[in-house]
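Chemist:
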Amino acid sequence: MALGAQVSAGDEMDQEIFGEIRIENRWYPENPAYPNQSELASGIVFEPELYLESVHGWSFTLVPFLRYDSADPHRSHADLREAYFLLLGEIGDGEWELRLGVDRVFWGVVESNHLVDIINQTDLIEHPDEEVELGQLMAHATWSGDLGVAEVFILPHHRERTYPSRNGRLRSSLVVDDDHPSYEHGAEEWHLDFAVRYSQNFGPFDVGVSYFDGTSRDPLLQPQVSQQREGELVLVPHYEQIRQFGIDAQLTTDEWLFKLEAIHRSDSQNLRFAEEDFAAFVIGAEYTFYSVFESAADFGILGEWCYDERGKDATNIFDDDFLVGIRVAFNDVQNTEIFSSFLKDRHYSTSAFVIEFSRRITDQWSADLELFSLANVERKDVQLDPIRRDSFLEFRLNYNF
Amino acid sequence: MTGIHPSLRSVLWLAVLSLLAFSEVPVYSETLTPEEMGLRIARDTQARGQGFGNITAQQIMILRNKQGQESLRKLRVKVLEVPEDGDKSLFVFDNPRDVQGTALLIHGHKVAPDDQWLYLPALKRVKRISSSNQSGSFMGSEFAYEDMSSPELEKFTYRYLRDEPCGDLTCTVMERFPVNKKSSYSRQVIWQDREDLRTWKIEYYDRKNAHLKTLTLSDYKLYLDRYWRAGQMTMVNHLTGKSTVITWTDYQFQTDLDGRDFTKTGLRRAR
């Protein structure tokens, strides 16, 4: 059991409490594009985790999330990241697992565009890199054995994507009115979505195939007249019913990693609101030089190509983009790491540059510094043009208990 | 860590052991070449470690730099014996707190590279990682990954050097040479007492044959009347002056662990 705040809750239950408190400061050096946007945003994040384990074999995990942000009231938000019961048992040489409640599930292997990952909604307001996810209510059954891992997800509730408010940075030119989303299906956010996944590893090959049928996690943003502000146009998120087939694979050799993610999505509309089924993929490779210059540090270089056959009508920015990146892990006592990537669109002049530096200070404190920068944003690049002035530098101080 | 509890590969070695039980001490006949004697000692060591089934234990690591500054690591270790292949191990980190809950799953192999997966709890992501980081530092300590991995018989070739006193005991001293070209060592010199074949000291020599590190083991305890485990392991790096002390606690043998706890699904719920 954890060595943190372990408390004995009687003979029947083990209990652990741990988590993180984070202080963040984000600085946008360029003048804002819209009135009342700030150049500085300070915030605090609290993300504790409670874990209970019964001697009878089940456990319960609870992870609330709270953020206060000084600049954007939408970014001050709370979420239930996880609140689930885990039950498990044996079947022959294999096992079954059942997770009931709110949980997060990640599928995929690449760094740039998480195409295959579809169970959870993106907590976009947390970070434009779309890495942070909202908790999702689910029944998640797993069978695991020599023949691989089969998983079934029943998803009874849909979460809306989070967007910046009128005064927040990184917003679109028209404000997203996420109080009044629309749904293709009459059951709205209570449509019963469904997903399955099979995964297995064959020697150096790890591969997964998945299928999703339900409410899209990616909304179409439709311009409409605001219901609150007369005469103002806003973007209203519209969530369609889609079907998506996905595959993700990684080949791990001594120094090389080769990665693939590909999807085929049906019944969705493109950026011009026309029905268009499409395929998209990301292929990538990463090479690592271990113990460079007789030091303990590992130095990795990676490249990825993101392609979406809808081209400029794609609903995300990864229509035809290259990413190159470096990763340095110093493998020192402070676990110092640097990750940097450069993303370039092949249709537009737009490019994005990110560099992240992280380092442990003590057993409980660590710090991160991140630069997120957009350059040469083309006016015609409708998805990135609105945030052309929103490059930022962020400092995070983390306390883990 | 499997580093000090080598497990057996095959019932064959048991046969070797039972033959040896009838022979007179010294068991290592002078008619054998030093290489044959070295291999025989390594086989005997494996034979004695066989049959442990599985182990759980806690590890406390104290990292010290040249100036004497200390840093603490805490982790829990689970090992599953896989007689026909390499052992499977699971490490779950408790300290430093920023890596709390991070878990590493290793499927060891006799000759082929090990399979490794890392679980990152903040991202809920299981990542397959390369096992080419053999020579890399384990958690910033003076232990390399290859020092922590299970010393399968096939991973080295051996050469017996001599017998000499070590404390109150008599030790067999032999060299072993890593088969893997990615190992950062040209050779290791290992001291084992003749009675119980416990390892007391290992000297590590780098590719230029410079004496890089020394590991000393102490506080041995006997479990299940059969398996010796060191309570403390100290690794000193002679080039940097840094050292790492590992203290093992809460050893438990033959728990209810099985193969299911050492899968990617098991890794996802490792605690």
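Here the protein sequences line up with chains A and B, keeping their order.
Mapped onto the numbering used here, the consecutive letters of the first sequence carry residue numbers 1 to 401.
Mapped onto the numbering used here, the consecutive letters of the second sequence carry residue numbers 402 to 672.
No residue lacks a Cβ here, since even glycine has one placed at the ideal position from N, Cα and C.
#1: Note down, one range per segment and in chain order, each alpha helix (DSSP H) of at least 4 residues found wholly within the region 223-297 of chain A.
#2: Does any residue of chain B have a CB that is nearer than 7 Å to the CB of Y198 (chain A)?
#3: For a contact defined as C-beta to C-beta under 7 Å, what are the partners of K525 (chain B) on chain A?
#4: Taking just the CA atoms, how far does E126 (chain A) sit from F46 (chain A)?
#5: To which residues does DSSP link S472 (chain B) through a beta bridge?
#6: Please classify G442 (chain B): does DSSP put it in a helix, a strand, or coil?
#7: Under 7 Å, do L98 (chain A) and A141 (chain A) count as touching if we go by C-beta distance?
#8: So what's Q383 (chain A) in DSSP terms, helix, strand or just coil?
#9: Assign L476 (chain B) to one of two classes, buried (16 or more other C-beta atoms within 10 Å of its C-beta) or exposed (fewer than that).
#10: What did DSSP end up calling W190 (chain A) once you bin it into helix, strand or coil?
#11: Quickly, what does DSSP pair P48 (chain A) with across the bridge? List them, please.
#12: Taking just the CA atoms, how far does D206 (chain A) sit from S173 (chain A)?
#13: Check for me: the beta strand (DSSP E) holding R627 (chain B) runs from which residue to which?
#14: What did DSSP end up calling D662 (chain B) once you bin it into helix, strand or coil?
#15: Classify Q6 (chain A) as helix, strand or coil using the three-state DSSP reduction.
#16: Anything in chain A within Cβ reach of N534 (chain B), meaning under 7 Å, just list it in chain order.
#17: Tell me, please, whether the CB atom of S587 (chain B) is closer than 7 Å to any CB atom in chain A?
#18: Between the Cα of K259 (chain A) and the Cα atoms of B:H510, B:K528, B:M549 and B:F492, which residue gives the shortest distance?
#19: For the beta strand (DSSP E) holding M634 (chain B), just list the boundary residues, first then last.
#20: Does R608 (chain B) have its Cβ less than 7 Å from a Cβ in chain A?
#21: Using the rule of at least 16 other Cβ atoms within 10 Å of the residue's Cβ for burial, across every protein chain shown, is H56 (chain A) buried or exposed?
#22: Shorter than 7 Å from the beta carbon of D486 (chain B) to some beta carbon of chain A?
#23: Relative to the C-alpha of H180 (chain A), which residue among A:F245, A:R166, A:A195 and A:E160 is closest?
#24: Have a look at H114 (chain A) and G108 (chain A) and give me their C-alpha separation to the nearest angstrom.
#25: Checking contacts by CB at 7 Å: is S584 (chain B) closer than that to chain A?
#26: Per DSSP, which one or two residues make a beta bridge with K528 (chain B)?
#27: CB G19 (chain A) to CB E53 (chain A), shorter than 7 Å?
#28: Could you check where the alpha helix (DSSP H) with T575 (chain B) kicks off and where it finishes?
#29: For the region 430-447 of chain B against the region 551-559 of chain B, are there 3 or more C-beta pairs whose distance is under 8 Å?
#30: Taking Q136 (chain A) as the reference, which of A:V149, A:D177 and A:W190 has the closest Cα?
#31: If you run the structure through DSSP and keep just helix, strand and coil, what is R599 (chain B)?
#32: I want to verify the contact list: residues of chain B whose CB lies under 7 Å from the CB of S366 (chain A), in sequence order.
#33: On a CA-only basis, which of A:S366, A:L271, A:D193 and A:V175 is nearest S226 (chain A)? Give me that one, please.
#34: Three-state secondary structure (DSSP) at Q589 (chain B)?
#35: Report the three-state DSSP secondary structure of S533 (chain B) (helix, strand or coil).
#36: To the nearest angstrom, how far is the alpha carbon of H157 (chain A) from that of R75 (chain A)?
Modeler: On the basis of the data shown:
#1: none
#2: In the first sequence, residue 198 (chain A) corresponds to position 198, counting from 1. Judged by the 7 Å Cβ criterion, Y198 (chain A) is not in contact with chain B.
#3: The residue labelled residue 525 (chain B) in the question sits at position 124 within the second sequence. Simply R104, V105 and F106.
#4: As a first step, residue 46 (chain A) is located in the first sequence; it is residue number 46 there, counting from the start. As a first step, residue 126 (chain A) is located in the first sequence; it is residue number 126 there, counting from the start. Taking the straight line joining both Cα atoms gives about 13 Å.
#5: Here residue 472 (chain B) corresponds to residue number 71 of the second sequence, with the count starting at 1. S472 (chain B) pairs with B:L464.
#6: As a first step, residue 442 (chain B) must be located in the second sequence, where it is residue number 41. The residue you asked about is not Gly; residue 442 (chain B) is Ile in the sequence shown. I442 (chain B): helix per DSSP, three-state reduction.
#7: To locate residue 98 (chain A), count along the first sequence from 1; it is residue 98. To locate residue 141 (chain A), count along the first sequence from 1; it is residue 141. Yes, these two residues count as a Cβ contact at 7 Å.
#8: On the first sequence, position 383 is the one that residue 383 (chain A) refers to. Correct three-state label for Q383 (chain A): coil.
#9: The residue labelled residue 476 (chain B) in the question sits at position 75 within the second sequence. Answer is buried; the Cβ neighbour count reaches 16.
#10: To locate residue 190 (chain A), count along the first sequence from 1; it is residue 190. The answer is helix: DSSP assigns W190 (chain A) an H, G or I state.
#11: Your numbering for residue 48 (chain A) matches position 48 in the first sequence. In DSSP, P48 (chain A) forms a bridge with A:G19.
#12: Taking the first sequence and counting its residues from 1, the one referred to as residue 173 (chain A) is at position 173. Taking the first sequence and counting its residues from 1, the one referred to as residue 206 (chain A) is at position 206. Whole-angstrom Cα-Cα distance: 42 Å.
#13: The residue you call residue 627 (chain B) lines up with position 226 of the second sequence. Counting along the chain, R627 (chain B) falls outside any beta strand (DSSP E), and DSSP gives it neither H nor E.
#14: Locating residue 662 (chain B) in the second sequence gives position 261, counting from the first residue. Residue state, collapsed to three classes: helix.
#15: By 1-based counting over the first sequence, the position of residue 6 (chain A) is 6. Unreliable placement is indicated for Q6 (chain A), whose pLDDT of 47 sits below 50; the coordinate value is still reported in the next sentence. Note: Q6 (chain A) maps to strand in three-state DSSP.
#16: The residue labelled residue 534 (chain B) in the question sits at position 133 within the second sequence. The answer, in chain order, is Y290 and D298.
#17: Counting from one through the second sequence, the residue named residue 587 (chain B) turns up at place 186. Chain A contact via Cβ: absent.
#18: Residue mapping note: residue 259 (chain A) aligns to position 259 of the first sequence, counting from 1. Among B:H510, B:K528, B:M549 and B:F492, the Cα nearest to that of K259 (chain A) is on B:K528.
#19: Position 233 of the second sequence, counted from the start, is the residue given in the question as residue 634 (chain B). For M634 (chain B), the enclosing beta strand (DSSP E) has its first and last residue at Q633 to N638.
#20: One-based indexing of the second sequence puts residue 608 (chain B) at position 207. Not one chain A Cβ lies under 7 Å of R608 (chain B).
#21: Stepping through the first sequence from its first residue, residue 56 (chain A) is reached at position 56. Per the 10 Å Cβ criterion, exposed.
#22: Taking the second sequence and counting its residues from 1, one reaches residue 486 (chain B) at position 85. Answer no: the Cβ-Cβ gap between D486 (chain B) and chain A never drops below 7 Å.
#23: Reading the first sequence from its first residue, position 180 is the one you call residue 180 (chain A). If we check each option's Cα against that of H180 (chain A), A:E160 comes out closest.
#24: Translated into positions along the first sequence, residue 114 (chain A) becomes position 114. Translated into positions along the first sequence, residue 108 (chain A) becomes position 108. Cα to Cα, H114 (chain A) sits roughly 6 Å from G108 (chain A).
#25: Here residue 584 (chain B) refers to the residue found at position 183 when the second sequence is read from its first residue. No, S584 (chain B) does not count as interfacial toward chain A.
#26: Looking up residue 528 (chain B) in the second sequence gives position 127. For K528 (chain B), which the question treats as bridged, DSSP gives the partners B:L519.
#27: Sequence index remark: in the first sequence, residue 19 (chain A) carries index 19 (1-based). Sequence index remark: in the first sequence, residue 53 (chain A) carries index 53 (1-based). Contact flag unset, no.
#28: In the second sequence, counting from the first residue as 1, residue 575 (chain B) sits at position 174. Residue 575 (chain B) is actually Met in this sequence, not Thr. Note, M575 (chain B): premise wrong, no alpha helix (DSSP H); beta strand (DSSP E) at L570 to P579.
#29: Look at the beta carbons and you see the region 430-447 of chain B touching the region 551-559 of chain B: at least three pairs across the two are nearer than 8 Å.
#30: Here residue 136 (chain A) is taken as the residue at index 136 of the first sequence, counted from 1. With distances taken between Cα atoms, Q136 (chain A) lies closest to A:W190.
#31: Here residue 599 (chain B) refers to the residue found at position 198 when the second sequence is read from its first residue. DSSP places R599 (chain B) in coil when its eight states are reduced to three.
#32: In the first sequence, counting from the first residue as 1, residue 366 (chain A) sits at position 366. Within 7 Å Cβ-Cβ: D499.
#33: One-based indexing of the first sequence puts residue 226 (chain A) at position 226. Cα-wise, what sits closest to S226 (chain A) is A:V175.
#34: Sequence index remark: in the second sequence, residue 589 (chain B) carries index 188 (1-based). Q589 (chain B) falls in the strand class under three-state DSSP.
#35: Sequence index remark: in the second sequence, residue 533 (chain B) carries index 132 (1-based). S533 (chain B): helix per DSSP, three-state reduction.
#36: Numbered from 1 along the first sequence, position 157 holds the residue referred to as residue 157 (chain A). Numbered from 1 along the first sequence, position 75 holds the residue referred to as residue 75 (chain A). Distance between the alpha carbons of H157 (chain A) and R75 (chain A) is about 22 Å.
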